[in-house]
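Undergrad: Counted the way the working numbering counts, the sequence shown spans residues 398 to 744. Below: one structure in C-alpha cells.
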Amino acid sequence: MRVLGLETTCDETAAAVVSLSDDGRGHIRSDEILSQIAEHAAYGGVVPEIAARAHVEVIDRLVERAMDNAGLALSELDGIAAAAGPGLIGGVIVGLTTAKALALVTGKPLIAVNHLEAHALTARLTDGIAFPYLLLLASGGHTQLVAVRGVGDYVRLGATIDDAIGEAFDKVAKLLGLPYPGGPEVEREALKGDPERFALPRPLLGRPAPDFSLSGLKTALRIEAERIAPLSERDVSDLCAGFQAAVVDTVVDRTRVALRAFRETAGHPTALVAAGGVAANQTLRRALERLARESGLRLVAPPLRLCGDNGAMIAWAGIERLRLGLVDDLSAPARARWPLEETGPRP
Ligand code: ATP
Ligand code: FE
Ligand code: MG
Numbered sequence: 398m399r400v401l402g403l404e405t406t407c408d409e410t411a412a413a414v415v416s417l418s419d420d421g422r423g424h425i426r427s428d429e430i431l432s433q434i435a436e437h438a439a440y441g442g443v444v445p446e447i448a449a450r451a452h453v454e455v456i457d458r459l460v461e462r463a464m465d466n467a468g469l470a471l472s473e474l475d476g477i478a479a480a481a482g483p484g485l486i487g488g489v490i491v492g493l494t495t496a497k498a499l500a501l502v503t504g505k506p507l508i509a510v511n512h513l514e515a516h517a518l519t520a521r522l523t524d525g526i527a528f529p530y531l532l533l534l535a536s537g538g539h540t541q542l543v544a545v546r547g548v549g550d551y552v553r554l555g556a557t558i559d560d561a562i563g564e565a566f567d568k569v570a571k572l573l574g575l576p577y578p579g580g581p582e583v584e585r586e587a588l589k590g591d592p593e594r595f596a597l598p599r600p601l602l603g604r605p606a607p608d609f610s611l612s613g614l615k616t617a618l619r620i621e622a623e624r625i626a627p628l629s630e631r632d633v634s635d636l637c638a639g640f641q642a643a644v645v646d647t648v649v650d651r652t653r654v655a656l657r658a659f660r661e662t663a664g665h666p667t668a669l670v671a672a673g674g675v676a677a678n679q680t681l682r683r684a685l686e687r688l689a690r691e692s693g694l695r696l697v698a699p700p701l702r703l704c705g706d707n708g709a710m711i712a713w714a715g716i717e718r719l720r721l722g723l724v725d726d727l728s729a730p731a732r733a734r735w736p737l738e739e740t741g742p743r744p
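Here you go:
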C-alpha cells in the first residue's frame, strides 16, 4: 500500500510518499518540505494570506518531486491524503483541493486527514508501537495529553486553558527580540543560560487534572524582563533558561498526572509519546525520558524532522485510515477547527 500525503495547514508546504510493507511497518519513500519561514519572518509570525498564496505557488512542483523521489507514477498509488484541518483555512483548501484533483484524475481514494491525528500517529510510523499509548501533543497551536486507543479513538485527558506551549515559546522569543520561529531560538539561548537566576512560576503544578496554563508564566517573564531592561545577552539567555525550565517542570508534572488518569481509564500504555514541534526540544525530551523510565515506560519521540509539520505524517495517517477502509468522498470539507476527539472513524 502506498499513499501520497499533502500538508498545507500552516507555514510548511509538504508532500511525501509512505508505503506499508507486509509486516505492517511504514516506510518513507520520499519526504519533500518547503518552509515559508523567510516569507513570514518580517512579520514575526505567520500571515495567513501570504501562507495560502505560497502554498499555491509550490504545491504542484512539490508533488512532482515527491513522486519522482519515490520513483513512482501517480497510477501506482493506493490513496491520496491531505490534511483537511485544523489550520489556516486558505492553506488547508490548497492542499485538500490538490488532493481532490489528484484523486479525481487517478480514480484513487481520497483520505481527508486531521493534522493532529497525523502528529498523534507518527510514533507508529517511526517506532511501530501498538495502541494504547499516552500522547503529549505540544505544537504551535495545540497542547494536549491524549489517550490514543486506536485510529480515530482519542480521549483527551487534559489540555491548555490558554496558550499552546509552542505559542508561548514563540511569544517569549518575540518579547526578547529573538527571531521567529521562537522555539529553537529560545532553546539555543537557554543552553547558555542559568535556569535558576529568575524565579518563574510553575502554573497548575500539582493540580489533579492534567491541564496546562502558560499565560501567567509568560507574563511573569515579561515583568522580569521589564524590571531589568535594557537586557544584556546574558539576561536574555538566563530568561530563556528560566522559561524553558519552568515549562519542562510543568510538562513533566502534568504528564505524570495524565499517566495516572490513563491507567484508571485506558489500562496500561505501551509508551509515552511526545509529538508536535515542541517535541523537538532536547531538554524536554530528556526530562520526559526520565519520567517514562521512572514509570516503566519507553519514551517515543519522532526524529526532529518529523516533529514539526511534514508530509510523511499525513501520508502515514492516510495509510492507517485507508487500511481500515476509512476513506472520504470529494465533498470532504476543509476545516479551520477540528478537535482530535471528533476524528472518529466515519462510515
Ligand atoms: P499545530 O500542529 O498545532 O497546528 P503548528 O503546525 O504550527 O501547530 P508545529 O509545526 O507542529 O506546530 O510546531 C511548531 C511549534 O513548535 C512552534 O511554536 C515552534 O516554536 C515550536 N518549536 C519548534 N522547535 C522547538 C524547540 N526546539 N523548542 C521549543 N519549541 C519548539
Ligand atoms: Fe503541526
Ligand atoms: Mg508549523
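A virtual CB, placed ideally from N, CA and C, is assigned to each residue, including glycine. Because the structure is a prediction, the values reported are computed rather than measured.
Would A520 and P699 qualify as a contact pair, given that the criterion is a beta-carbon distance under 8 Å?
TA: Position 123 of the sequence shown holds residue 520. Position 302 of the sequence shown holds residue 699. It is a contact, given that the beta carbons lie within the stated cut-off.
Undergrad: What is the residue span of the alpha helix (DSSP H) that N466 lies within?
TA: Here residue 466 refers to the residue found at position 69 when the sequence shown is read from its first residue. P445 to A467 is the extent of the alpha helix (DSSP H) around N466.
Undergrad: Return yes when the C-beta of H512 is under 7 Å from any heavy atom of the ligand FE, and no when it is not.
TA: Counting from one through the sequence shown, the residue named residue 512 turns up at place 115. Answer for H512: yes, Cβ within range of the ligand FE.
Undergrad: Looking at E584 and the ligand ATP, is the gap between the Cβ and the nearest heavy atom below 7 Å?
TA: Taking the sequence shown and counting its residues from 1, one reaches residue 584 at position 187. E584 Cβ: within cutoff of the ligand ATP.
Undergrad: Could you pull out every residue in the same chain whose Cβ sits closer than 8 Å to the Cβ of N707, ignoring the five residues on either side in sequence?
TA: As a working note, residue 707 is residue 310 in the sequence shown. E404, E409, A411, A413, D428 and I430, listed in sequence order.
Undergrad: Between G442 and the ligand FE, is there a pair consisting of the residue's CB and a ligand heavy atom that are separated by less than 7 Å?
TA: Residue mapping note: residue 442 aligns to position 45 of the sequence shown, counting from 1. Every heavy atom of the ligand FE is 7 Å or more from the Cβ of G442, so no.
Undergrad: Is the beta carbon of S536 within less than 7 Å of some heavy atom of the ligand ATP?
TA: Your numbering for residue 536 matches position 139 in the sequence shown. Yes - the ligand ATP has a heavy atom lying nearer than 7 Å to the Cβ of S536.
Undergrad: Take the Cβ of A587 as the centre, count every other Cβ of all protein chains shown within 10 Å, and call the residue buried at 16 or more, exposed below.
TA: Residue 587 sits at position 190 when you count from the first residue of the sequence shown. Classification for A587: buried.
Undergrad: Quick check on DSSP: helix, strand or coil for H665?
TA: On the sequence shown, position 268 is the one that residue 665 refers to. Of the three classes helix, strand and coil, the one that applies to H665 here is coil, per DSSP.
Undergrad: Using 7 Å as the cut-off, classify the Cβ of R406 as near or not near the heavy atoms of the ligand ATP, replying yes or no.
TA: Here the question's residue 406 lines up with position 9 in the sequence shown. For the record, residue 406 in the displayed sequence is Thr; it is not Arg. True, at least one ligand heavy atom lies under 7 Å from that Cβ.
Undergrad: Can you round the beta-carbon distance between H516 and L534 to whole angstroms, since I take them to be within the 8 Å contact cut?
TA: Position 119 of the sequence shown, counting from 1, holds the residue named residue 516. Position 137 of the sequence shown, counting from 1, holds the residue named residue 534. Yes, they are in contact, since the Cβ atoms of H516 and L534 sit about 6 Å apart, within 8 Å.
Undergrad: For G421, which of E691, T523, A684 and T557 has the nearest alpha-carbon?
TA: Counted from its first residue, the sequence shown places residue 421 at position 24. Minimum Cα distance to G421 is reached at T523.
Undergrad: Return yes when the Cβ of E621 is within less than 8 Å of the Cβ of F595, no when it is not.
TA: Numbered from its first residue, the sequence shown carries residue 595 at position 198. Numbered from its first residue, the sequence shown carries residue 621 at position 224. Against a cut-off of 8 Å, the Cβ pair of E621 and F595 comes out as a contact.
Undergrad: Using C-beta distances below 7 Å, list every residue in its chain close to P744, excluding the 5 sequence neighbours before and after it, in chain order.
TA: Position 347 of the sequence shown, counted from the start, is the residue given in the question as residue 744. Confidence at P744 is low in this model, with a pLDDT of 39, below 50, so its placement is unreliable and no value can be given for it.
Undergrad: T740 by DSSP, collapsed to three states: which one?
TA: The count along the sequence shown starts at 1 and reaches residue 740 at position 343. Looking at T740 - three-state DSSP - the assignment turns out to be coil, as it is neither helix nor strand.
Undergrad: How close, in whole Å, do the beta carbons of K497 and L507 come, if the pair is a contact with beta carbons under 8 Å?
TA: For the purposes of this step, residue 497 is identified with residue 100 of the sequence shown, where counting begins at 1. For the purposes of this step, residue 507 is identified with residue 110 of the sequence shown, where counting begins at 1. Confirmed, Cβ separation roughly 6 Å.
Undergrad: How long is the line joining the alpha carbons of A500 and E739, rounded to whole angstroms?
TA: Start at 1 with the first residue of the sequence shown, and residue 500 comes out as number 103. Start at 1 with the first residue of the sequence shown, and residue 739 comes out as number 342. Cα to Cα, A500 sits roughly 24 Å from E739.
Undergrad: According to DSSP, what are the bridge partners of T557?
TA: Walking along the sequence shown from the start, residue 557 turns up at place 160. In DSSP, T557 forms a bridge with F609.
Undergrad: Tell me, please, whether the region 668-688 touches the region 549-556 by the rule of three or more beta-carbon pairs shorter than 8 Å.
TA: The region 668-688 vs the region 549-556: no contact.
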